[in-house]
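Working notes, structure below.
Residue numbers (my numbering), protein chains in the order written: chain E, 6 to 364; chain W, 6 to 364.
Rendered as structure tokens:
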């Protein structure tokens, strides 16, 4: 029996925060940060396989990463790779995927997930997603996953829950911006706020309808291609029209406006791995509280560092604590963990001096 | 007209102080520390060429560096490379070179110089060495070069001068061990003390005579080979006898005992490059007082560091001052300059954990 469940993995990010370990031609989602042999993208793919058949898994990415996708997910059929000709944030990406899937399967339900987050507790994840599919298949709902907040994180958006409509699933009361620390503590203590993980479930028809209501500029554009989606001319239609989409996030375009938005409160481990500190916190540290990926480390009076190096490199470090040391072949970065928000500026400085050479 | 002037470059050192940039299979003297395209050995060779014809330049090294010598000094004839089958410090090395040269040219005068020091002011060096040759050709003297001390260095031995015997050349009053800082300051202020650079000039016959008088164990051994030196059987004689030489320095074996020892007060720039700090002090620093060999450096709040990396590597460093950062392919060392005396211990720790892998 053909499954009507689909997965859309969003894989177009070019984050520079992990530079020099992530590069313009190999961003974060393609990197095996944990030395497991699988990149974040591959882990995202592996994670959904028990729920969605592989012929229903679709990866949306920027055209320039096509060969990386084929290399990392050789089992993916060519027609399941959607190549965006331009970067336009999540709303156009999700709209395209929804139109594409709906054209092939009008009964389709879908989960949309980023490719560059880390999730632990795979079975909990599977149970949660399965419950989510059942909910949106029975309801005209836009469902988002809310993560039980384990610390007053100021780097994430939060979702405030309203009344429970079915066990574990609540109406969304509000989406909030990133709070300051004081407010984040209040959020966590209240038990009413969950982290916004940017993972969504809905039927293709339901999100298309919501887009029509809340972002008609976008649907006006995609509706012109209704005869193309799911056919040989889809690619030509996208190449001629996608760039015209205004860049917009799905949160802003739909989720914060619609009234059929629900949140499933999830208990699996989650991080967007948006910072070196998050990477540090999610990695196994040695007896000196140093984290090493690739490196053999001998340390003297050195704690709390994170070393990312080529495989099997020996790092001997003395009198260095709480630093990021990233050695990526032609670039070596040494930077206090507390200064990681400046890496973006550093990357800009590198671009000014060396153009694209080290990026 | 055949020149009777010879040069012996001592090239057998295996110093681990510059690990991981210097390695057991490529020690300090073979490294191009300054990015000039010439290693310290090659610079030593180039420096003496205006004074000593190349057929009279002899390199003494450990057998395991034979191929490195041939690679770095391809113009050197095979018979001018003396390969020690064992490491026995400078006295046996110099004795062999003196017997070897004397067998070929009984009138030979010679300069003996280390291969891993840095000398600046080549013309001053040439003038000084030429004056030295003239002195020892006219006198049965053991001449050492004393460097005008420009700071109260505690890492060097000092030579106290006695009466001047000819302009710029004095009788040696005493050789001293490495002084503490207070004493070193007194030495420098006195004007009577000079750094012992370990560069010697003498006639081959005169040093052989001095060795007979002050280290007869050594000459007893070498005298057995008098029929072999300068012939096809020299190599066999050395392979059968050299290891029996007790390890000893020429300073201890002869210079501190003989009464015909003189010092020429030299004015060229000299350092034994025995420490990373010496390397730092002798290198051009950028506007942030960082020194880089190989690296392109972008620094933020970082001063006084020394970066040794593969050519053209980009180093981005934030909040790091007065560190040694040495990136040598399979090893990365990050260590405060003040801790460099511990590098030897680190190398031992590496050997304990990884055997020879990273050495």
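Glycine included, C-beta positions come from ideal geometry on N, C-alpha and C.
Listed by chain order, chain E residues near residue i by CB distance under 8 Å
i, result
"residue 231/W", "Those do not exist, as residue 231/W stays about 50 Å from chain E at its closest Cβ, beyond 8 Å."
"residue 280/W", "Per Cβ cutoff of 8 Å: no residues; residue 280/W is ~15 Å from chain E at best."
"residue 332/W", "332 and 337"
"residue 351/W", "303, 305, 321 and 323"
"residue 298/W", "Residues of chain E passing the Cβ test: none, with the nearest at roughly 13 Å."
"residue 136/W", "Those within 8 Å of residue 136/W in chain E number zero; the least Cβ separation is about 46 Å."
"residue 366/W", "Since the first and last residues shown for chain W are 6 and 364, residue 366/W lies out of range."
Proximity below 8 Å, CB of residue i to CB of residue j
i, j, result
"residue 323/E", "residue 306/E", "yes"
"residue 123/E", "residue 45/E", "yes"
"residue 159/E", "residue 202/E", "no"
"residue 329/W", "residue 337/W", "no"
"residue 106/W", "residue 81/W", "no"
"residue 267/E", "residue 152/E", "no"
"residue 135/W", "residue 163/W", "no"
"residue 205/E", "residue 10/E", "no"
"residue 66/E", "residue 126/E", "no"
"residue 247/W", "residue 97/W", "yes"
"residue 287/W", "residue 276/W", "yes"
"residue 215/W", "residue 252/W", "no"
Outcome for residue i when other beta-carbon atoms lying within 10 angstroms are tallied against a minimum of 16
i, result
"residue 349/W", "exposed"
"residue 87/E", "buried"
"residue 73/E", "buried"
"residue 192/W", "buried"
"residue 369/E", "The structure shown does not extend to residue 369/E, since chain E is modelled only from 6 to 364, so the question has no answer here."
"residue 156/E", "exposed"
"residue 195/W", "exposed"
"residue 273/W", "buried"
"residue 100/W", "buried"
"residue 245/E", "exposed"
"residue 185/E", "exposed"
"residue 269/E", "buried"
"residue 25/W", "buried"
Closest by C-alpha distance to residue i, when choosing among the options
i, options, result
"residue 281/E", "133/E, 217/E and 346/E", "346/E"
"residue 40/E", "321/E, 53/E and 300/E", "300/E"
"residue 103/W", "235/W, 275/W and 361/W", "235/W"
"residue 19/W", "13/W, 12/W and 27/W", "27/W"
"residue 146/E", "287/E, 53/E, 170/E and 59/E", "170/E"
"residue 361/W", "249/W, 117/W and 30/W", "30/W"
"residue 250/E", "89/E, 109/E and 35/E", "89/E"
"residue 293/E", "265/E, 117/E and 326/E", "326/E"
"residue 343/E", "165/E, 311/E and 357/E", "311/E"
"residue 85/W", "303/W, 261/W, 253/W and 240/W", "240/W"
"residue 13/E", "53/E, 70/E, 77/E and 269/E", "53/E"
"residue 116/E", "95/E, 207/E, 334/E and 217/E", "207/E"
"residue 118/W", "255/W, 290/W, 168/W and 237/W", "255/W"
"residue 51/E", "69/E, 70/E and 79/E", "79/E"
"residue 93/E", "141/E, 15/E, 43/E and 131/E", "15/E"
"residue 211/E", "226/E, 148/E, 167/E and 238/E", "148/E"
"residue 261/W", "179/W, 140/W and 144/W", "179/W"
"residue 47/W", "83/W, 35/W and 213/W", "35/W"
"residue 91/E", "237/E, 243/E and 172/E", "243/E"
Partners in chain E for residue i, counting only beta-carbon separations shorter than 9 Å
i, result
"residue 336/W", "318, 319, 320 and 321"
"residue 340/W", "305, 321, 322, 323, 324 and 325"
"residue 347/W", "305 and 323"
Chain W residues whose Cβ lies nearer than 7 Å to that of residue i
i, result
"residue 314/E", "337"
"residue 344/E", "323 and 324"
"residue 354/E", "303"
"residue 22/E", "Here the premise fails: no neighbours, minimum Cβ distance about 14 Å."
Integer Cβ distance of residue i from residue j, believed to fall under 8 Å
i, j, result
"residue 219/W", "residue 259/W", "5 Å"
"residue 331/E", "residue 313/E", "5 Å"
"residue 114/E", "residue 58/E", "Rounded, the Cβ-Cβ distance is 13 Å, inconsistent with contact."
"residue 183/W", "residue 121/W", "Between residue 121/W and residue 183/W the Cβ distance is about 18 Å, and since that is not below 8 Å, they are no contact."
"residue 38/W", "residue 358/W", "Residue 38/W to residue 358/W, Cβ: 28 Å. No contact."
"residue 197/W", "residue 165/W", "5 Å"
"residue 321/E", "residue 303/W", "About 24 Å separates the two Cβ atoms, so there is no contact after all."
"residue 22/W", "residue 279/W", "7 Å"
"residue 271/W", "residue 133/W", "5 Å"
"residue 213/E", "residue 131/E", "Their Cβ separation, rounded to whole angstroms, is 27 Å, which puts residue 213/E and residue 131/E out of contact at 8 Å."
Contacts that residue i makes with chain E (C-beta to C-beta distance below 7 Å)
i, result
"residue 363/W", "319"
Chain W contact residues for residue i, given Cβ-Cβ distances below 9 Å
i, result
"residue 52/E", "Within 9 Å Cβ-Cβ: nothing; residue 52/E doesn't reach chain W, min ~34 Å."
Chain-ordered chain W contacts of residue i [CB-CB under 8 Å]
i, result
"residue 28/E", "None at all; the shortest Cβ gap to chain W is about 12 Å."
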